[in-house]
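Report on the structure given below.
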């Protein structure tokens, strides 16, 4: 029975992006971007700076209103809904309840004036939890899970290293059991060794929680490690999509070939 | 009763275009037809560079064909992997395809035991049973027990290759693609792999393989397929 | 000059005198009154207003002074307190200011006052219908310490997203084992708007709940006015396992023996002697006049000083 169920995963997409276009005046942010994301899928968006990958991420995550096109998401409250057609409070609620957003710079994703522990617990409070003891325990559990020293739970984020700040940010974005997590260069500013450990952790969490995720990165190694599928962008357009190993091993578009051949081998 | 093919390849062609070399075209094969039935081990023949590995990778969906189709029987239906949406292809690899490449390419820093258990876990097998079967498999492949908790990055070529084999044979995939699975193995280990392949044949697994070792080739092949017959004109 | 022109001239001069009654011009007062009416209509909502330059610096109560100036009329009786006391410099100055510019009767008696301007306290004597409590507010936005973007805090108010306010309470418990915040303890007004009750001690928070008096809050520098209309529900935020509590003292007031009032600690000398007395001076004086006596009711700071210096005064 369970094996049969495992063989037939939910076939309806969690997220459907159709014809997404964002123009900044005459400048194209992204044009005609479409993709589906199913539960448990990890999509990597790769491309150089200015390729439009962050614009796509911001439009899809509801931070930026697209010029045209739709972003359908299977919300807990409203069913399948175009998140840009939801009222602002409803959209914010979806962002709060169903999503997480891990920023490249922990300063953008953490409240620097409150302790690491309170940062992690905040999403629970935003969802209406009003029991301190319960939230405290959940915070401790999550700090353990992201391998942070729980004796530092009440320290301010600035007293933590960059890699540890990013772990706090990850815990903060997963504690409320979101179904979709957006990650913008989640390991961007970190030393390679710290980056490697963080990627291991992220990969484990994503798998254990059966999360869907969209990861924006310019790092092909991160993309190969994290994403099952890739979308390659250049100049605001999607130039190639496919399973990660196919895109990286047999790139079709000139730009993808250049990108892949530019990766340093050690 | 007619046995239905597990893999059906129709007029498959593959040409690499190197855009960064002025759009240079490297044709590999063209108009390639192949059917593989359950219980068959089709061994690809041809000289080095004729496109055996390319065909293998195209069957797996790792390379994108330039034309034609590759149908694979997945959960009872033939799915054209050249046009399947990514999630279907991912699902097909999870449940239908086992693939042993020449080189072990896995996520770094993960213990050998976890790597070998992973395909079972992905197929819904419990941790206990997966662990038990992984032990049996690693023991059968004579990988020293002290290695199991280590990531395979520092292993010898032969040891890495055996991890690779363990990962693909631990699940009862109905289709196996074997790209030089015995390349860096000694005679004793080669014999073990041959036994594994024969056992899979007995279970009705459909296999396509590349084997450089003539003894291995002759002992597992049910049929030879010459890729050079479909050499594309340059 | 005939009698008629005489009358006209005197009318004109009285109009001129009253053009700036209570310091502000009529147009400004009208603008502030509009803001006050809106604030009363939406309990707890921060109404922006065009705060004027006042003859005192920001932080000295410019918001409260403007609210009072917009409301005060010749028949009002005005009381002003600072930290509960009627006799501190700021309270005396502001009281004199209105006695001068608005020509109103002033008082130190809570019972007699129609308008009570205050910072840091709500009087102990329960307020009654018809009274207006004007509170001076330094920072009207209770979420500001956690979220610096005004656009974001406005959205949070608009959509009732108040989870963030609990973060500060959470921090408090983590650091002190209890919700230690003493002043400006956040409240939810009429179960809708999150409000900072100005830096009054949380001891005074329950006094706002269903108060018969009108409570007005003015923030001069931040240019916001908000209100708790009479008989409005005011709930202090808390956690299920850390319920809201007010401060308690083991001592009674050393002067009037009150067990119920908010006490200030007064250091008496350099050898660690101290006394606890009512912060509400009017409350304390009224009780003493009624015959209540505390343990140190005969204490005189001058006597103590003399005994310390051996009677010799420089």
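Protein chains in written order, with the numbering used here: chain S, 4 to 269; chain H, 37 to 270; chain U, 96 to 409.
The beta-carbon is built from N, C-alpha and C at its ideal position, and this holds for glycine as well.
Subject >> Euclidean distance between Cα positions of residue 121 of chain U and residue 159 of chain S >> reply: Translated into the one-based positions of the third chain, residue 121 of chain U becomes position 26. Translated into the one-based positions of the first chain, residue 159 of chain S becomes position 156. Straight-line Cα distance between these residues: approximately 50 Å.
Original post:
In angstroms, rounded to a whole number, what distance separates the CA positions of residue 127 of chain H and residue 59 of chain S?
Top reply: Position 91 of the second chain, counted from the first residue, corresponds to residue 127 of chain H. Position 56 of the first chain, counted from the first residue, corresponds to residue 59 of chain S. Put simply, the backbone Cα of residue 127 of chain H is about 26 Å away from that of residue 59 of chain S.
Subject >> Residue(s) in a DSSP beta bridge with residue 102 of chain S >> reply: Here residue 102 of chain S refers to the residue found at position 99 when the first chain is read from its first residue. Per DSSP, S:183.
**OP:** Could you check which residue in U:233, U:347, U:278 and U:295 has the C-alpha nearest to that of residue 392 of chain U?
**Re:** By 1-based counting over the third chain, the position of residue 392 of chain U is 297. Distances from the alpha-carbon of residue 392 of chain U to those of U:233, U:347, U:278 and U:295 put U:347 closest.
Subject >> Boundaries (first-last residue) of the alpha helix (DSSP H) holding residue 96 of chain H >> reply: In the second chain, counting from the first residue as 1, residue 96 of chain H sits at position 60. Where residue 96 of chain H is concerned, the enclosing alpha helix (DSSP H) stretches over 88 to 96.
Original post:
In chain order, which beta strand (DSSP E) runs of at least 3 residues are fully inside the region 194 to 241 of chain H?
Top reply: Counting only unbroken stretches of 3 or more residues, the beta strand (DSSP E) elements lying wholly within the region 194 to 241 of chain H are 211 to 215, in sequence order.
Original post:
Taking the alpha-carbon positions, what's the residue 304 of chain U to residue 330 of chain U distance?
Top reply: In the third chain, counting from the first residue as 1, residue 304 of chain U sits at position 209. In the third chain, counting from the first residue as 1, residue 330 of chain U sits at position 235. Approximately 7 Å, taken between the alpha carbons.
Subject >> Closest Cα partner of residue 100 of chain S within the set S:49, S:180, S:199 and S:122 >> reply: Indexing the first chain from 1 puts residue 100 of chain S at position 97. Restricting attention to S:49, S:180, S:199 and S:122, the CA atom closest to the CA of residue 100 of chain S is found in S:180.
**OP:** For residue 61 of chain H, name the three-state secondary structure that DSSP assigns.
**Re:** As a position in the second chain, residue 61 of chain H is number 25, starting the count at 1. Looking at residue 61 of chain H - three-state DSSP - the assignment turns out to be strand.
Subject >> Cα-Cα separation between residue 154 of chain U and residue 174 of chain U, rounded to whole angstroms >> reply: Within the third chain, the letter at position 59 stands for residue 154 of chain U. Within the third chain, the letter at position 79 stands for residue 174 of chain U. Each residue's Cα considered, the two are about 19 Å apart.
Original post:
If you drop the 5 nearest sequence neighbours on each side, which residues of the same chain put their C-beta closer than 8 Å to that of residue 100 of chain H?
Top reply: Counting from 1 along the second chain, the entry for residue 100 of chain H is found at position 64. The beta carbon of residue 100 of chain H sits closer than 8 Å to those of 94 and 118, all from its chain and outside the five residues before and after it, given in chain order.
**OP:** Would you identify the three-state DSSP class for residue 209 of chain U, choosing helix, strand or coil?
**Re:** Here residue 209 of chain U is taken as the residue at index 114 of the third chain, counted from 1. Here residue 209 of chain U carries a coil assignment [DSSP, helix/strand/coil].
Original post:
So, using beta-carbon positions, are residue 102 of chain H and residue 39 of chain H closer together than 8 Å?
Top reply: Walking along the second chain from the start, residue 102 of chain H turns up at place 66. Walking along the second chain from the start, residue 39 of chain H turns up at place 3. Their beta carbons are not under 8 Å apart, which means residue 102 of chain H does not touch residue 39 of chain H by this criterion.
Original post:
Is the region 41 to 58 of chain S close to the region 229 to 246 of chain S, with three or more CB pairs under 8 Å?
Top reply: Because the criterion of three Cβ pairs below 8 Å is met, the region 41 to 58 of chain S and the region 229 to 246 of chain S touch.
Original post:
Of all the beta strand (DSSP E) runs that stay within the bounds of the region 223 to 272 of chain U, which reach a length of 3 or more residues?
Top reply: Taking only runs of at least 3 residues, the beta strand (DSSP E) segments lying wholly in the region 223 to 272 of chain U are 227 to 231.
Original post:
Within 10 angstroms of its Cβ, does residue 345 of chain U collect 16 or more other Cβ (buried), or is it exposed?
Top reply: Looking up residue 345 of chain U in the third chain gives position 250. With fewer than 16 neighbouring CB atoms inside 10 Å of its own CB, residue 345 of chain U falls in the exposed class.
**OP:** Note down the Cα distance separating residue 4 of chain S from residue 238 of chain S, rounded to an integer number of angstroms.
**Re:** Taking the first residue of the first chain as position 1, residue 4 of chain S is located at position 1. Taking the first residue of the first chain as position 1, residue 238 of chain S is located at position 235. In this prediction, residue 4 of chain S scores a pLDDT of 35, lower than 50, which makes its location untrustworthy; the coordinate-derived value is nonetheless stated afterwards. Taking the CA atoms as reference points, residue 4 of chain S sits about 48 Å from residue 238 of chain S.
Subject >> Closer than 7 Å at the beta carbon, the chain S residues around residue 266 of chain U >> reply: In the third chain, counting from the first residue as 1, residue 266 of chain U sits at position 171. By Cβ distance, chain S contributes 117, 118 and 121.
Original post:
How about residue 358 of chain U and residue 371 of chain U: are their beta carbons less than 8 Å apart?
Top reply: Position 263 of the third chain, counted from the first residue, corresponds to residue 358 of chain U. Position 276 of the third chain, counted from the first residue, corresponds to residue 371 of chain U. Note that the C-beta distance between residue 358 of chain U and residue 371 of chain U is below 8 Å.
**OP:** Could you tell me the boundaries of the alpha helix (DSSP H) in which residue 227 of chain S lies?
**Re:** Along the first chain, one-based indexing puts residue 227 of chain S at 224. For residue 227 of chain S, the enclosing alpha helix (DSSP H) starts and ends at 223 to 229.
Subject >> Coil, strand or helix - residue 70 of chain H by DSSP >> reply: If you number the second chain from 1, residue 70 of chain H lands on position 34. Residue 70 of chain H: strand per DSSP, three-state reduction.
Subject >> Chain-ordered chain S contacts of residue 123 of chain H [CB-CB under 7 Å] >> reply: One-based indexing of the second chain puts residue 123 of chain H at position 87. Those are 41 and 44, listed as they occur along chain S.
Original post:
What do you reckon, are the CB atoms on residue 116 of chain S and residue 241 of chain U nearer than 8 Å?
Top reply: Counting from 1 along the first chain, the entry for residue 116 of chain S is found at position 113. Counting from 1 along the third chain, the entry for residue 241 of chain U is found at position 146. Taking 8 Å as the Cβ cut-off, residue 116 of chain S and residue 241 of chain U qualify as a contacting pair.
Subject >> Local conformation of residue 387 of chain U per DSSP, three classes >> reply: Locating residue 387 of chain U in the third chain gives position 292, where the first residue counts as 1. Residue 387 of chain U falls in the coil class under three-state DSSP.
Subject >> Those runs of the beta strand (DSSP E) which lie wholly inside the region 276 to 304 of chain U and span at least 3 residues >> reply: Along the length of the region 276 to 304 of chain U, whole beta strand (DSSP E) runs at least 3 residues long occupy 282 to 284 and 288 to 290, reported in chain order.
**OP:** Compare the beta carbon distance of residue 96 of chain H and residue 213 of chain H with 8 Å and say whether it is the shorter of the two.
**Re:** On the second chain, position 60 is the one that residue 96 of chain H refers to. On the second chain, position 177 is the one that residue 213 of chain H refers to. Yes.
Original post:
Does the region 245 to 263 of chain H come within contact of the region 157 to 172 of chain H, defined as at least 3 CB pairs closer than 8 Å?
Top reply: Result no; under three Cβ-Cβ pairs closer than 8 Å.
Original post:
Within 8 Å (strictly less), CB to CB, does residue 356 of chain U reach chain S?
Top reply: Taking the third chain and counting its residues from 1, the one referred to as residue 356 of chain U is at position 261. Using a CB distance cut-off of 8 Å, residue 356 of chain U does not count as an interface residue toward chain S.
**OP:** Use the C-beta contact count for residue 190 of chain H: other C-beta atoms within 10 angstroms, 16 or more gives buried, fewer gives exposed.
**Re:** On the second chain, residue 190 of chain H is found 154 positions in, with the first residue counted as 1. Exposed, by the Cβ-count rule.
Original post:
the region 325 to 338 of chain U: which residues have C-beta closer than 7 Å to a C-beta of chain S, in chain order?
Top reply: Under the 7 Å Cβ criterion, the region 325 to 338 of chain U contributes 334, 335, 336 and 337.
Original post:
Do the region 123 to 143 of chain S and the region 260 to 279 of chain U meet, that is, are 3 or more Cβ pairs less than 8 Å apart?
Top reply: Proximity of the region 123 to 143 of chain S to the region 260 to 279 of chain U meets the contact definition, three or more beta-carbon pairs being nearer than 8 Å.
**OP:** Report yes if the CB atom of residue 44 of chain H is closer than 8 Å to the CB atom of residue 262 of chain H, and no otherwise.
**Re:** Counting from 1 along the second chain, the entry for residue 44 of chain H is found at position 8. Counting from 1 along the second chain, the entry for residue 262 of chain H is found at position 226. No, the Cβ-Cβ distance between residue 44 of chain H and residue 262 of chain H is not below 8 Å.
Original post:
Alpha carbon to alpha carbon, what distance is there between residue 378 of chain U and residue 2 of chain S?
Top reply: One cannot answer for residue 2 of chain S here, as it falls past the ends of chain S, which runs 4 to 269.
Original post:
residue 58 of chain H CB to nearest chain S CB: under 8 Å?
Top reply: Locating residue 58 of chain H in the second chain gives position 22, counting from the first residue. Chain S places no beta carbon closer than 8 Å to that of residue 58 of chain H, leaving this residue out of the contacts.
Original post:
Going by C-alpha distance, which of U:353, U:362, U:365 and U:367 is nearest residue 383 of chain U?
Top reply: Counted from its first residue, the third chain places residue 383 of chain U at position 288. Among U:353, U:362, U:365 and U:367, the Cα nearest to that of residue 383 of chain U belongs to U:353.
Original post:
What number of angstroms, rounded off, separates the C-alpha of residue 136 of chain H from the C-alpha of residue 201 of chain H?
Top reply: Position 100 of the second chain, counted from the first residue, corresponds to residue 136 of chain H. Position 165 of the second chain, counted from the first residue, corresponds to residue 201 of chain H. So the two alpha carbons sit approximately 6 Å from each other.
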